[in-house]
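Following UniProt numbering, the numbering of the sequence shown begins with 1 at its first residue and continues without gaps.
Working notes for the structure below.
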Amino acid sequence: SCVCFSVARPARVWESVRPLQRLVGSTWISPPPHPAGLATPVRKPENLSRPLEILIIVDDDDSKVWSLYDAGPRSIRCPLIFLPPVSGTADVFFRQILALTGWGYRVIALQYPVYWDHLEFCDGFRKLLDHLQLDKVHLFGASLGGFLAQKFAEYTHKSPRVHSLILCNAFSDTSIFNQTWTANSFWLMPAFMLKKIVLGNFASGPVDPVMADAIDFMVDRLESLGQSELASRLTLNCQNSYVEPHKIRDIAVTIMDVFDQSALSTEAKEEMYKLYPNARRAHLKTGGNFPYLCRSAEVNLYVQIHLLPFHGTKYAAIDPSMVSAEELEVQKGKLCISEQEEQ
């Protein structure tokens, strides 16, 4: 008789020649202006070289390829990782990548492979962090990305891998979409039908030009996704599941949402507030489903405010030489005054 040992396959990594996309419609979007009062970046965002897409396989299945942009100082061991919505790819966060790395932060934007259940996603994401040699991270999740960020924090609660969460237009229970009964049939549907389901959640009324450009860009990103990618994401979005808050109660949370039209109902927002009573709230007057694109200056500022308490610790996402907390506090005060005036 013989004893057989299973050996984990090493991750396979390669760089794509596809640079970070920042096209909206047919127009290049300039990086966001540098907010007055914050420290001057080492390099102006508009002069940053566009980071290349990195493709990584961490599963035995070669078809499961993680796509990511890793920008900023590699010496930072607790970076901010962005998880996209159903319709998004890694590059929908280009405004955050360009601005935050210009201010000294390490930022990773991800696009996940085809996973059909939350446990499978969490296991794959854990393997990815292991490959990147990241013990703990900050997560920014948009819509589905926010739900998956919470599920991953819950999944790793016994050996925490998530230090903080920024939840943008996120939800905590998939039943809010009333689609749990169809979740197991998405894999059968053709791509055009899946895209129609997703597009049904996009704003249809009159919107300002910046928001219209953001929607056009997201439609373009949606068109780039294949049938299996869309079907798996919709399955994750609607598969019967909810967040268990007692498992992640010690994690710092910022809830970011908008006051105008989005796919998230008022009831879903209220449920998030109840789930995280101690969370910092970042309210945007407008922004729709994609505030990180059309209200990026405000989103980036709220991200900096969220990460501020970790400066000077081993969980800082910023190069220590770039920290200017006093100036950030001044900007924070300006934001509060601006919000009060709007109200």
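All residues carry an ideal CB built from backbone N, CA and C; glycine is no exception.
Per DSSP, reduced to three states, the secondary structure at H157 is coil, with no helix or strand assignment. Your pair F259 and H283 checks out as a contact, with CB atoms roughly 6 Å apart and the cut at 8 Å. Take the alpha-carbon of L307 and the one of S164: they are about 9 Å apart. With contact defined as three or more Cβ pairs closer than 8 Å, the stretch 270-290 and the stretch 170-178 are in contact. DSSP places I215 inside the alpha helix (DSSP H), whose first and last residues are P209 to E223. Under DSSP, W103 takes part in no beta bridge, so it has no partner. With a threshold of 16 other beta carbon atoms within 10 Å, W66 meets it and is buried. Contact between L230 and L194 holds: their C-beta atoms lie close to 4 Å from each other, under 8 Å. Sorting S75, T101 and I81 by C-alpha distance to the C-alpha of V137 places I81 at the top.
The alpha-carbon of Q261 is positioned some 13 Å away from that of G200. By the 16-neighbour rule on beta-carbons within 10 angstroms, Q111 is buried. Along the length of the UniProt domain "AB hydrolase-1" (121-197), whole alpha helix (DSSP H) runs at least 4 residues long occupy 144-155, reported in chain order. Non-local C-beta neighbours of D319 in its own chain, meaning closer than 6 Å and more than five positions away in sequence, comprise P73 and G104, ordered along the chain.
The closest CA to that of V114, considering only D59, V107 and R95, is found on D59. For the pair K158 and V243, the CB atoms are not nearer than the 8 Å cut-off.
A straight-line Cα-Cα distance of about 43 Å links T180 and S75. For R233, the enclosing alpha helix (DSSP H) has its first and last residue at Q227 to C238. Counted as a single uninterrupted DSSP element, the beta strand (DSSP E) harbouring A71 occupies residues W66 to A71. Going by beta carbons, C294 and M211 fall inside the 8 Å limit.
Residue burial is scored here from C-beta neighbours: G102 has at least 16 other C-beta atoms within 10 angstroms and is therefore classed as buried. Beyond the five residues adjoining it in sequence on each side, K64 comes within less than 7 Å, by CB distance, of I57, P113, V114 and G124 in the same chain, given in chain order.
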